[in-house]
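Numbered per our numbering, the sequence shown spans residues 16 to 186. Below is one structure, written out as structure tokens; the observations come after it.
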Amino acid sequence: MTQCNFEKRSYFWERSLVMSEKENNLVKTGDQVDLSKYVDGEGGIFSVRQLENIRGWNNIQYGAGLSEKNVNSKKLSMNIATIPAGGVALAHIHEDFEVMIYLLQGSVRHEYGPGCKKSVIHEAGDMIFIEPGIPHEVFNVSDTTEVKAVVARSDASEWENIVPYDRDTED
Numbered sequence: 016m017t018q019c020n021f022e023k024r025s026y027f028w029e030r031s032l033v034m035s036e037k038e039n040n041l042v043k044t045g046d047q048v049d050l051s052k053y054v055d056g057e058g059g060i061f062s063v064r065q066l067e068n069i070r071g072w073n074n075i076q077y078g079a080g081l082s083e084k085n086v087n088s089k090k091l092s093m094n095i096a097t098i099p100a101g102g103v104a105l106a107h108i109h110e111d112f113e114v115m116i117y118l119l120q121g122s123v124r125h126e127y128g129p130g131c132k133k134s135v136i137h138e139a140g141d142m143i144f145i146e147p148g149i150p151h152e153v154f155n156v157s158d159t160t161e162v163k164a165v166v167a168r169s170d171a172s173e174w175e176n177i178v179p180y181d182r183d184t185e186d
């Protein structure tokens, strides 16, 4: 498990709140909005038909999605993520959970590994798997087109087990 001191975590979250004007109007976390109001269903099958962005985290915009916050999920969460044109999701690590992404629109550059020194470009139609504990930062490579992606996590809590990563470190 990656350790992150409070000071560094505070700096990360302060930086992550520097968002586009459109995103500044979004609620910042799922704890600040009742996500259950976007869910239809009962008896074990639930759906969300709301796709507009209503919240943001780390310069990424999200709809309501599905997670422990609005359905009885114990191990999974899923959402549509939007990175604004020219946007960057600051360096971070997913602790103890996997992520799979299907890129619907746009192109991103993932800088990853120790110091985020490796790089790979992904385009619409690509499927991406991120192992737990891999430091990475995500850049929308376009200044005119937003990125849209389906993001599935093996963590029902969505963002609680994501920690900031200082690119200037080697571990």
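For glycine and all other residues, C-beta sits at the position ideal for the given N, C-alpha and C.
{"query": "C-alpha distance - N39 paired with E57, whole-angstrom precision", "result": "Interpretation of N39 is limited by its pLDDT of 49, a score under 50 that renders its predicted location unreliable; the figure taken from the coordinates is listed afterwards. Computed Cα separation, rounded: 34 Å."}
{"query": "Boundaries (first-last residue) of the beta strand (DSSP E) holding A104", "result": "V103 to H109"}
{"query": "Touch test, the segment 66-80 against the segment 115-128, Cβ-Cβ under 8 Å, three pairs minimum", "result": "no"}
{"query": "CB of A100 within 9 Å of CB of E161, strictly", "result": "yes"}
{"query": "Host beta strand (DSSP E) of R124 (start-end)", "result": "S122 to Y127"}
{"query": "Residues that P179 bridges to, as DSSP identifies them", "result": "H107"}
{"query": "Span separating the alpha-carbon of I149 from that of H109", "result": "7 Å"}
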